[in-house]
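*Asks:* Going down the list, the sequences are from chains A and B.
Straight run, no breaks: the first sequence in the working numbering ends on number 186.
Straight run, no breaks: the second sequence in the working numbering ends on number 186.
Just so you know, even glycine gets a beta-carbon here, dropped at the ideal spot from N, CA and C.
Okay, handing you the structure first.
Number of protein chains: 2
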Amino acid sequence: MGIFSKTCEYAIRAVFFIAHRTAGQSGRVGIKEIALGIDSPEPFLAKILQDLSRRGIVQSTKGPNGGFYLDNASLERPLSDIVAAVDGNDIFFGCGLGLKQCSEINPCPLHNEFKDIRNKIHFMLHETKIGEFNNELVTGMLSLKK
Amino acid sequence: MGIFSKTCEYAIRAVFFIAHRTAGQSGRVGIKEIALGIDSPEPFLAKILQDLSRRGIVQSTKGPNGGFYLDNASLERPLSDIVAAVDGNDIFFGCGLGLKQCSEINPCPLHNEFKDIRNKIHFMLHETKIGEFNNELVTGMLSLKK
DNA sequence: ATAATAAAGGATAAAATAGTCTTTTATTAT
DNA sequence: ATAATAAAAGACTATTTTATCCTTTATTAT
Ligand code: FES
Ligand code: FES
Chain A
41 MGIFSKTCEY
51 AIRAVFFIAH
61 RTAGQSGRVG
71 IKEIALGIDS
81 PEPFLAKILQ
91 DLSRRGIVQS
101 TKGPNGGFYL
111 DNASLERPLS
121 DIVAAVDGND
131 IFFGCGLGLK
141 QCSEINPCPL
151 HNEFKDIRNK
161 IHFMLHETKI
171 GEFNNELVTG
181 MLSLKK
Chain B
41 MGIFSKTCEY
51 AIRAVFFIAH
61 RTAGQSGRVG
71 IKEIALGIDS
81 PEPFLAKILQ
91 DLSRRGIVQS
101 TKGPNGGFYL
111 DNASLERPLS
121 DIVAAVDGND
131 IFFGCGLGLK
141 QCSEINPCPL
151 HNEFKDIRNK
161 IHFMLHETKI
171 GEFNNELVTG
181 MLSLKK
C-alpha cells in the first residue's frame with residue numbers, strides 16, 4: 041500500500057491520460073483505450089470513471105464517438121480534487137499515528153514533523169493541475185504505464 | 041486510510057507506549073495496559089506485538105510479572121524499522137502513482153515532487169528513535185490516545 | 001510439584017477494498 | 001425508425017485488512 045489507494049492511483053493516472061489524449065482537439069477517448077494506456081483492469085476503471093463523471097471531475101458522452109474527455113475548467117482543476125473525491129481528506133488533515141484528530145493541544149509524538157510533510161503533500165497536489173503534463177505525456181517523456 | 045496501515049499505527053503507538061512505560065526501571069508492561077494506553081483493540085494488538093516480538097523489535101517474557109519491554113538496543117532503533125516490518129518498503133521507495141517501480145528513466149508525472157516527499161518521510165522515520173519521546177510521554181505533553 | 005499468570009499460536013469472523021459481469025440508457029450514423 | 005456504439009447502473013465475487021476467540025507454552029510465586 042502506498043500513499044494513495046489503488047482506486048486513487050488508477051483515478052489519477054486515468055485523468056492524466058484523458059487529459060493528454062483529448063486536450064484541444066475536442067476528442068473523446070474510450071474506456072478500453074484508457075485502461076490499456078494506464079495498465080489497469082478495464083471494468084474496475086469503468087467504475088472509477090463512472091464515479092468521477094458523476095462528481096463532475098471528468099466529462100463523458102455515450103454512443104458512437106462517445107467517451108471521456110475534459111473541458112477547460114476540468115483541465116485547470118488541482119490534483120487534490122481527485123484525491124479528496126476518491127480517498128477523502130485524511131491524507132491532508134489526519135493524524136499520522138491515527139489519533140481521532142490531529143491537534144496542537146493533544147499532539148502525537150510525530151505531530152510537528154508529520155504536519156510538515158502532510159502540508160507538503162497538500163501543497164504538491166493543490167499546485168499540480170490536471171492538464172499540466174499534457175506535453176510531456178504526448179512526447180512520451182512521462183509515463184502512466186506500469 | 042492515512043499514510044500508514046491501521047496495524048502500523050497501532051504498532052508505532054504501542055512501541056512508544058512500551059518505551060516510556062518501561063525505560064530504565066527494567067519493568068514490564070502487559071498487553072491490557074498497553075491496549076488501554078493507546079486506545080486499541082486488545083486482541084488485535086496482541087497479534088501485532090506477537091509479530092514485533094518475533095522480529096526482535098520489542099522484547100517480552102511470559103508468566104507472572106511478565107509483559108513487553110524494550111532493551112537498550114531497541115530504544116535506539118529508528119521508527120523506520122517498525123514501518124518497514126509492518127507495512128513494507130513501498131512508502132520509502134514505491135511510485136506514488138502505483139507504477140511497478142519508481143524510476144528516473146520511466147518517471148510518472150509526479151515523480152520529481154513525490155520523490156522529494158518520500159525522502160522526507162524516510163528521513164523523518166529514520167532519524168526518529170523509538171525512545172526519543174519518553175520524557176514528553178511521561179509528563180503527558182504528548183499523547184498516544186485517540 | 002502445583003497453581004496462577006501472561007504471552008504465543010492458530011483458527012475464524014467481519015469489514016473494507018479491489019475487481020468482474022450483465023443489463024440498461026443515451027447518442028449517433030444509416 | 002433502426003441498428004450500432006459506448007457509458008451508466010446494478011448485482012455479484014475475490015482478496016486483503018482488521019479484529020476476535022480459544023488453546024498451548026513458558027515463567028514465576030507458593
Ligand atoms: S496529532 Fe498526530 S499528526 Fe498531529
Ligand atoms: S515514477 Fe512515480 S514516483 Fe517515481
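With respect to the beta strand (DSSP E) encompassing Gln90/A, which residues constitute its N-terminal and C-terminal limits?
*Replies:* Per DSSP, Gln90/A belongs to no beta strand (DSSP E); it is in the alpha helix (DSSP H), Glu82 to Arg94.
*Asks:* Suppose the cutoff is 8 Å on Cβ atoms and the five residues either side in sequence are ignored; what does the same chain contact list for Ile122/B look like?
*Replies:* Hits under 8 Å: Cys48, Ala51, Ile52, Val55, Leu92, Ile97 and Ile170.
*Asks:* Check whether the Cβ atoms of Gly134/B and Gly42/A lie closer than 8 Å to each other.
*Replies:* Yes, they are a contact pair.
*Asks:* Which residue wins for smallest C-alpha separation from Met156/A, given the options Phe132/A, Ile88/A and Ile78/A?
*Replies:* Looking at the sequence itself, residue 156/A is Asp, so the reference to Met does not match. Among Phe132/A, Ile88/A and Ile78/A, the Cα nearest to that of Asp156/A is on Phe132/A.
*Asks:* If you reduce the DSSP assignment to three classes, tell me which class Phe108/B lands in.
*Replies:* Of the three classes helix, strand and coil, the one that applies to Phe108/B here is strand, per DSSP.
*Asks:* Between the C-alpha atoms of Asn129/B and His166/B, what's the straight-line distance to the nearest angstrom?
*Replies:* Roughly 13 Å separates the two Cα atoms.
*Asks:* Does any heavy atom of ligand 2 sit closer than 7 Å to the C-beta of Gly128/B?
*Replies:* No, Cβ of Gly128/B sits at least 7 Å from all heavy atoms of ligand 2.
*Asks:* Can you give me the Cβ contacts of Glu82/A inside the same chain, cut-off strictly under 7 Å, excluding the 5 residues immediately before and after it?
*Replies:* The residues are Ile71, Lys72 and Ala75.
*Asks:* Quick check on the burial criterion: 16 or more other C-beta atoms within 10 angstroms. Buried or exposed for Phe108/B?
*Replies:* Flag for Phe108/B reads buried.
*Asks:* Please determine whether the Cβ atom of Gly136/A lies at a distance below 7 Å from any heavy atom of ligand 1.
*Replies:* It does: the Cβ of Gly136/A is within 7 Å (strictly closer) of some heavy atom of ligand 1.
*Asks:* Just the Cα atoms here: how many angstroms apart are Phe163/B and Gly106/A?
*Replies:* Approximately 47 Å, taken between the alpha carbons.
*Asks:* In the DSSP assignment, find the alpha helix (DSSP H) that holds Thr255/B and state where it starts and stops.
*Replies:* In the structure as shown, chain B begins at 41 and stops at 186. Residue 255/B is therefore absent and cannot be evaluated.
*Asks:* Among Gly64/A, Gln65/A and Asp79/A, which one has its Cα closest to the Cα of Lys185/A?
*Replies:* Out of Gly64/A, Gln65/A and Asp79/A, Asp79/A has the C-alpha closest to the C-alpha of Lys185/A.
*Asks:* Leaving out the 5 sequence neighbours to the left and right, which residues in its chain are closer than 7 Å to Leu119/B when beta-carbon positions are compared?
*Replies:* Correct list, in chain order: Ile52, Leu165, Thr168 and Ile170.
*Asks:* Applying a beta-carbon distance threshold of less than 7 Å, which residues of chain B neighbour Leu137/A?
*Replies:* Neighbours of Leu137/A on chain B, chain order: Glu49, Ile52 and Arg53.
*Asks:* Flag this pair as yes or no: are the beta carbons of Asn112/B and Ser183/A separated by less than 8 Å?
*Replies:* For Asn112/B and Ser183/A, no; Cβs fall outside 8 Å.
*Asks:* Specify, as a first and last residue, the run of the alpha helix (DSSP H) that Ser100/B falls within.
*Replies:* Unbroken run through Ser100/B is the beta strand (DSSP E), Gln99 to Thr101; no alpha helix (DSSP H).
*Asks:* Nearest to Gly136/B by alpha carbon, out of Glu153/B, Leu177/B and Thr62/B?
*Replies:* Nearest C-alpha to Gly136/B: Glu153/B.
*Asks:* Throw me the rounded Cβ distance for the Arg110/B and Thr62/B pair, which I believe falls under 8 Å.
*Replies:* This sequence places Leu at residue 110/B; Arg is not what is there. Yes, they are in contact, since the Cβ atoms of Leu110/B and Thr62/B sit about 6 Å apart, within 8 Å.
*Asks:* Taking the C-alpha atoms as reference points, what is the distance between Cys142/A and Ile161/A?
*Replies:* Approximately 16 Å, taken between the alpha carbons.
*Asks:* With distances taken Cα to Cα, identify the nearest neighbour of Asn175/A among Ile58/A, Phe44/A and Asp127/A.
*Replies:* For the residues Ile58/A, Phe44/A and Asp127/A, the minimum Cα distance to Asn175/A belongs to Ile58/A.
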